[in-house]
Every structure is written in C-alpha cells, then in structure tokens.
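Throughout the sequence shown, residue numbering follows the numbering used here, covering 9 to 275 in sequence.
Worksheet for the structure shown next.
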Amino acid sequence: MPELAEPFVVLRGALDADDIAFLRTACKDRLNRDGIPCFAMIDNQETPTYQKIVRVLTEAIGEQLNYLNDFYIYTDETFKTNWHMDTELFTFESAINAWILLSPDEVNGPLGFISDINTDADRYFHSVQIEGDAATFRNYRTGKTEARSLAEIEANAKHTPKIKLGDILVINPKLYHRTMIDAPKHAFALKFVYGSARKGCLSPKQVPAMLWPEVKTFNDVINASPTWEHFVDGLRQQLTTEDGRIKLSSGFYPEKFPLYREKVQAL
Ligand SMILES: O=C(O)CCC(=O)C(=O)O
C-alpha cells in the first residue's frame, strides 16, 4: 500500500477563485449554523469543488479515497498548533489531508514536519509530551517511549514551501506536524482515509479510545457500518445532536471555536 512518499506534496494551482470562494462560504455557514468548524463538506460531496479536490488527490496518490472529515483553522501569533499527529489514525490505517489556504493570498512555510518519526512500525508514537527542551514520544499500545531534544527536532524540522491561494498542500497526518508561522492565516483541511483491503480502512493496531471522544465515535460508528456510505451516514446522524457535535469536533481546538466564528466572517 503506497503511502505518501514524502511528508507532503504541493499540488500547485489545483483550485481556482470560485473553489476558494466556495470553501470560504462553506466554513462560514458551518460555523454560523452551529458553532463548529468541521464537517463542512459532509453534505457537499457532489459539488464541483469537492469533486475536483478528490480527483486531483486520487491522481496524486493512486488510491481510492474515503471522506473522513474536514476542518477550518485560524492561526496567528497567539495560537499555533504544536507537534501532533492526527488521532483519526488511532482508528484508521492510512490517511491524507488536503490543506488549503483560504487567506491571505500566500504564506511562507505554513507547516513543519518531523520526518523520521512514525515512518515505520518500530518508531511509531501516538503522542508527544514537551517539557522545556525534553520531548518524550509515547506509543499507547506498547508503552514504548523515545526521548528527543526539542531543539534538535526544531533544527531538523522539514518546512513546507510557500503556499499560495489555489495550491493544495497534501500531507501525511501520521507524521508529527505543527504550525510554523506567526502570520495570521485561515486554512481548510480535508481528511481522507484509504486502503480498502481491510474493512473500513481500519488500522490493525487499534488504540483504546476512552480518552478521545472523536476516536470513540469513529470506532463505534465504523463497527456499526457495513460500507463507507453507512459510516458517513452514521457521522451525519451524530452531527444532528449537540452531544455528537461536541464529540466529533473535540479534536479541533474547541476553545478556539468562538474566535474562529469571529474570524471566518472576514473571508
Ligand atoms: O494550519 C495549521 O497551522 C495547522 C494544521 C494542522 O495542524 C493539521 O492539518 O493537522
């Protein structure tokens, strides 16, 4: 099963101004409707923009892609994501994210990657705890840890290049990544899972889900779903209730949702 060979690939000029306008409006509508910044595309899968994104991504990685979720994110000098991998990979084996700039017109090196951890089963870690210069990576299944110096991680981080409106930055969310810049930016990320050989693209190495509401929901819904369409319907159903929305949005920095709702109006 081919994974993205590099931590990221940039598909230059894949989207046009209408696509960006559509994505901005979809994020705005989602946040205005019920205050969450995610799943704006769950009912937009027949739209030309969504179809275009799936087409260029499928061509780029040569796999059939299954929609998992999407989210809007606003970062600036006061809020940046720290080193993390995406918790969806506690449930599903392989994923790619299409990271799309919504504003400004271009940004320098928006994301950084640690390119030599989580590249193989022997060095696979679900979390990292950072205290001063000490970064400790931990595998929740085996209990194995690995200590690294944060300074060394930062010095060796692989930076994405300049990204412009219309580019799609395709990333492997299994690798540790973080926001690299202070400049205010609005972005939208669409996540897909793939690998049809195993039922529902499931990881053969599941992680006990009690600490992560979104992982628990993914596990419950996929276990009740004979096909991917049933799974997406199950997510739709969850999103009709406040409790379901809270659980499915819990990985997207809920404390920032009021700020996101305010900032998205500027798009
Ligand atoms: O847009 C950003 O700065 C962070 C995005 C991110 O962390 C992600 O896509 O998982």
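Each residue gets a CB set at the ideal place from its N, CA and C atoms; glycine is no exception.
| query | result |
| --- | --- |
| Close Cβ partners of K255 (< 8 Å) along its chain, the five nearest in sequence each way excluded | P221, E222, K224, T225, Q246 |
| Rounded Cβ spacing between L219 and Y82 (contact assumed at less than 8 Å) | So it is not a contact: roughly 26 Å between Cβ atoms. |
| Pair within 8 Å by beta-carbon distance, I179 and F16 | yes |
| Heavy atoms of ligand 1 versus C-beta positions, residues under 5 Å | I81, T83, T89, T187, A195, A197 |
| Residue span of the alpha helix (DSSP H) that contains R236, given as start and end | Sequence inspection shows Trp at residue 236; the Arg mentioned does not correspond to that position. Note, W236: alpha helix (DSSP H), 236-246. |
| Extent of the continuous beta strand (DSSP E) run through E139 | 135-139 |
| Under the three-state DSSP convention, the category L73 falls into | coil |
| Secondary structure of F47, DSSP reduced to three states | coil |
| Segment contact flag, the region 101-112 with the region 180-187, C-beta cutoff 8 Å, min 3 pairs | yes |
| Length of the line joining the Cα atoms of M9 and G203 | Residue placement at M9 cannot be trusted, given a pLDDT of 39 that sits under 50; the coordinates are not used to answer. |
| Pick from T86, K264, G259, I171 that is closest to M93, judged by C-alpha positions | G259 |
| Burial state of A25, where buried means 16 or more other Cβ atoms lie within 10 Å | exposed |
| Beta carbon of R20 nearer than 8 Å to that of D128 | no |
| Cut-off 8 Å between Cβ atoms - residues of its own chain near Q214, not counting five sequence neighbours on either side | F98, T99, N227 |
| Length-filtered (4 minimum) alpha helix (DSSP H) runs lying within the region 22-68 | 25-42 |
| Buried versus exposed, by CB contacts within 10 Å (16 or more), H185 | buried |
| Buried versus exposed, by CB contacts within 10 Å (16 or more), N164 | exposed |
| Segments of 4+ residues assigned as alpha helix (DSSP H) that fall wholly inside the region 138-222 | 158-164 |
| Rounded C-alpha distance that separates A29 from E96 | 28 Å |
| Beta-carbon spacing of D27, T57 below 8 Å | yes |
| Residues sharing a beta bridge with S111, DSSP | H194 |
| Rounded straight-line distance, which links the Cα of W107 to that of A274 | 20 Å |
| Sheet register partners of F120 (DSSP bridge) | According to the sequence shown, residue 120 is Gly rather than Phe. Per DSSP, H167, R186. |
| Residue from N90, N231, D37 with nearest C-alpha to S135 | N90 |
| Integer Cβ distance of G120 from M188, believed to fall under 8 Å | 4 Å |
| Contact check, P118 vs T150, beta carbons under 8 Å | no |
| From F200, A232, P262, A217, residue whose alpha carbon lies closest to that of R63 | F200 |
| Distance between R41 and Q53 (C-alpha atoms, nearest Å) | 19 Å |
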